[in-house]
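Undergrad:
Residue numbers (the working numbering): 357 to 747.
1) Tell me whether residue 637 is buried or exposed, calling it buried when 16 or more other Cβ atoms sit within 10 Å of its Cβ.
2) May I have a chain-ordered list of the alpha helix (DSSP H) segments no shorter than 4 residues that lie completely inside the region 604 to 663?
3) Where does residue 748 land, buried or exposed, given buried means 16+ other C-beta within 10 angstroms?
4) Exposed or buried, which one is residue 364 when buried takes at least 16 other CB atoms within 10 Å?
5) Where does residue 590 sit, in a helix, a strand or coil, going by DSSP?
6) I'd like to confirm the pairing. Which residues does DSSP put opposite residue 554 in its beta bridges?
7) Work out the CA separation of residue 604 and residue 643 for me, nearest whole Å.
8) Just the Cα atoms here: how many angstroms apart are residue 417 and residue 716?
9) On the three-state DSSP scale, how would you describe residue 576?
10) In the region 371 to 422, which residue ranges form an unbroken alpha helix (DSSP H) of at least 4 residues, counting only runs that do not cross its ends?
11) Please say whether residue 681 and residue 731 have beta carbons closer to each other than 8 Å?
12) Run the CB neighbour count on residue 529, radius 10 Å, all protein chains shown included, and call it buried at 16 or more, exposed below.
13) Over what stretch of residues does the beta strand (DSSP E) that includes residue 463 continue unbroken?
14) In angstroms with no decimal places, state the Cα-to-Cα distance between residue 454 and residue 443.
15) Are the CB atoms of residue 468 and residue 517 nearer to each other than 8 Å?
16) Can you look up residue 540 in the DSSP assignment and give me helix, strand or coil?
17) Would you please state the rounded distance, in angstroms, between the beta carbons of residue 601 and residue 437? I believe it to be under 8 Å.
18) Go to residue 507, then tell me how far its beta strand (DSSP E) extends in each direction, as first and last residue.
19) On the DSSP letters alone, give me the boundaries of the alpha helix (DSSP H) that residue 491 sits inside.
20) Since residue 535 sits in a beta bridge, which residues does DSSP pair it with?
21) Can you tell which of 382, 685, 408, 559 has its C-alpha closest to the C-alpha of residue 570?
22) Taking the CB atoms as reference points, tell me whether residue 580 and residue 547 lie closer together than 8 Å.
23) Residue 694 and residue 397 - do their beta-carbons sit closer together than 8 Å?
24) Could you give the distance in angstroms between the alpha-carbon of residue 736 and the alpha-carbon of residue 722?
25) Is residue 583 close to chain C, meaning its C-beta is less than 8 Å from at least one C-beta of that chain?
26) Secondary structure at residue 436, three-state DSSP: helix, strand or coil?
27) Look up residue 721 in the DSSP assignment and say whether it is helix, strand or coil.
28) Quick check on the burial criterion: 16 or more other C-beta atoms within 10 angstroms. Buried or exposed for residue 366?
29) Would the region 582 to 595 and the region 399 to 414 be scored as touching if the rule is three or more Cβ pairs under 8 Å?
30) Using the three-state DSSP reduction, which class does residue 581 fall into: helix, strand or coil?
31) Mind the definition here: the region 499 to 514 touches the region 469 to 485 only if three or more C-beta pairs lie below 8 Å; say whether that holds.
32) Nearest by alpha-carbon distance to residue 598: which of 441, 543, 459, 537 is it?
33) Which residues share a DSSP beta bridge with residue 487?
34) Which residue from 632, 627, 464 puts its Cα closest to that of residue 551?
35) Ends of the alpha helix (DSSP H) at residue 562?
36) Taking the alpha helix (DSSP H) that residue 520 falls in, what are its first and last residues?
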């Protein structure tokens, strides 16, 4: 090991010297890799935010089993099914309770700016908490009052003055449709790609705000079990008992259902995945062009090395050394720009954009692969070069 390190120290850094020889070409390569890395970082960040925002409420549901329509696509497009299925579910051994949850998008007027925006409205049974959200569960008595809602303070938009008023004990009012609603409290979850935020209220208030909605048509069923019963066994019993217009999932199975929809059926998920692949391709092409030009520019020098007895492996090592140096030099500014872009985008959109260590390592490995593949392609002519043909 010590001998290998000593050999590296004595070795002439030919790849680095060649890159430094043409600084404009070096800067071009670094800029290309940086651009590709930023593109990949942003696509992966948006994809992670999409997964998180589409599952932030499903992950907090307080239920052992979840009942949804077989036509449901995701949390924002659940479709409805008859409440009769919940009554039928209560006859299955092990089921302790089955509560309905109502969901719908509403246009509400921002109390601060007076502009209309889209909000997710959730109606739940105030007697039994539907979500594992302490801020909400401590204020369930408030939403039993007519036309009263709780507001997600992490919603997208200008709400700081209104939030301050609520924190000081005031109860601002605004309009949803033709009704005036009172904002009695706050909680924090976050915006999504579909809605700017969310409001939670009681099931009765929900139906008042959706006068054309049939109370017997529910969006989602929350099933809680008696202690000692396995969710999978009760799920199978419910699936055999209930008609085929509903499907029964465990709480984790429902989260997996949401993620599977994004990955396989959502066009947004496909776009983010395609953007990541395109970033990788763009970076590979740019690095290939730089390394290929470098090989062609120094082909006579490489031929001289081969005539002196240097093997192809040594010369290929020089090219891969350049690729490794370029990947590191391009990744560092790419990471810095992506971190800044995450902060700016999160502030502007209220989306949960963060940079986990796993993503940093993953993109660094992708950068190594991108530059290594470019180097492998660029060395094809060098391997076939014959000193006699060149001179």
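Cβ atoms here follow ideal geometry from the backbone N, Cα and C, with glycine treated the same way.
TA: Based on what the coordinates show:
1) To locate residue 637, count along the chain shown from 1; it is residue 281. Exposed, since its Cβ has fewer than 16 Cβ neighbours within 10 Å.
2) The qualifying runs are 607 to 620, 623 to 653, 655 to 663.
3) The requested residue 748 does not occur in the structure, where the chain is confined to residues 357 to 747.
4) Here the question's residue 364 lines up with position 8 in the chain shown. With a pLDDT of 39 at residue 364, under the threshold of 50, the modelled position of that residue is not reliable, and the figure given next carries that caveat. Classification of residue 364: exposed, given that the 10 Å Cβ count is below 16.
5) Here residue 590 refers to the residue found at position 234 of the chain shown. Look at residue 590 here: in three-state DSSP terms it is helix.
6) Indexing the chain shown from 1 puts residue 554 at position 198. For residue 554, which the question treats as bridged, DSSP gives the partners 476.
7) Counted from its first residue, the chain shown places residue 643 at position 287. Counted from its first residue, the chain shown places residue 604 at position 248. Going from the Cα of residue 643 to the Cα of residue 604 covers about 51 Å.
8) In the chain shown, residue 417 corresponds to position 61, counting from 1. In the chain shown, residue 716 corresponds to position 360, counting from 1. Between residue 417 and residue 716, the C-alpha separation is close to 31 Å.
9) Position 220 of the chain shown, counted from the first residue, corresponds to residue 576. Strand.
10) 379 to 411
11) Stepping through the chain shown from its first residue, residue 731 is reached at position 375. Stepping through the chain shown from its first residue, residue 681 is reached at position 325. No, Cβ-Cβ distance for residue 731 and residue 681 is not below 8 Å.
12) Translated into positions along the chain shown, residue 529 becomes position 173. It is exposed - the Cβ of residue 529 has fewer than 16 other Cβ atoms within 10 Å.
13) Stepping through the chain shown from its first residue, residue 463 is reached at position 107. Start and end: 451 to 465.
14) Counting from one through the chain shown, the residue named residue 454 turns up at place 98. Counting from one through the chain shown, the residue named residue 443 turns up at place 87. Straight-line Cα distance between these residues: approximately 7 Å.
15) Taking the chain shown and counting its residues from 1, one reaches residue 468 at position 112. Taking the chain shown and counting its residues from 1, one reaches residue 517 at position 161. Yes, the pair counts as a contact, with Cβ atoms nearer than the cut-off.
16) On the chain shown, position 184 is the one that residue 540 refers to. Correct three-state label for residue 540: strand.
17) Against the chain shown, residue 601 aligns to sequence position 245. Against the chain shown, residue 437 aligns to sequence position 81. 6 Å between Cβ atoms; contact.
18) By one-based count along the chain shown, residue 507 stands at place 151. Per DSSP, residue 507 belongs to the beta strand (DSSP E) from 504 to 508.
19) Indexing the chain shown from 1 puts residue 491 at position 135. 490 to 493 is the span of the alpha helix (DSSP H), which, as asked, contains residue 491.
20) The residue given as residue 535 occupies position 179 in the chain shown. Residue 535 is bridged to 532.
21) Position 214 of the chain shown, counted from the start, is the residue given in the question as residue 570. Of all alpha-carbon atoms in 382, 685, 408, 559, the one lying nearest the alpha-carbon of residue 570 is that of 559.
22) Mapped onto the chain shown, residue 580 falls at position 224. Mapped onto the chain shown, residue 547 falls at position 191. Against a cut-off of 8 Å, the Cβ pair of residue 547 and residue 580 comes out as no contact.
23) Taking the first residue of the chain shown as 1, we reach residue 397 at position 41. Taking the first residue of the chain shown as 1, we reach residue 694 at position 338. Result yes, Cβ atoms of residue 397 and residue 694 sit closer than 8 Å.
24) Counting from one through the chain shown, the residue named residue 736 turns up at place 380. Counting from one through the chain shown, the residue named residue 722 turns up at place 366. Roughly 22 Å between the two C-alpha positions.
25) Protein chain content of the structure displayed is limited to a single chain, and chain C is not contained in it.
26) On the chain shown, position 80 is the one that residue 436 refers to. In the structure shown, residue 436 sits in coil (DSSP, three-state: anything other than H, G, I, E or B).
27) Residue mapping note: residue 721 aligns to position 365 of the chain shown, counting from 1. Correct three-state label for residue 721: helix.
28) Here residue 366 refers to the residue found at position 10 when the chain shown is read from its first residue. Confidence at residue 366 is low in this model, with a pLDDT of 47, below 50, so its placement is unreliable and no value can be given for it.
29) Output reads no: the region 399 to 414 does not touch the region 582 to 595.
30) Translated into positions along the chain shown, residue 581 becomes position 225. Here residue 581 sits in strand by DSSP.
31) yes
32) As a working note, residue 598 is residue 242 in the chain shown. It is 441.
33) Within the chain shown, numbered from 1, the residue matching residue 487 stands at position 131. Answer is 417, bridged to residue 487.
34) As a position in the chain shown, residue 551 is number 195, starting the count at 1. With distances taken between Cα atoms, residue 551 lies closest to 464.
35) Looking up residue 562 in the chain shown gives position 206. Start and end: 559 to 565.
36) Taking the first residue of the chain shown as position 1, residue 520 is located at position 164. First-last of the alpha helix (DSSP H) with residue 520: 516 to 523.
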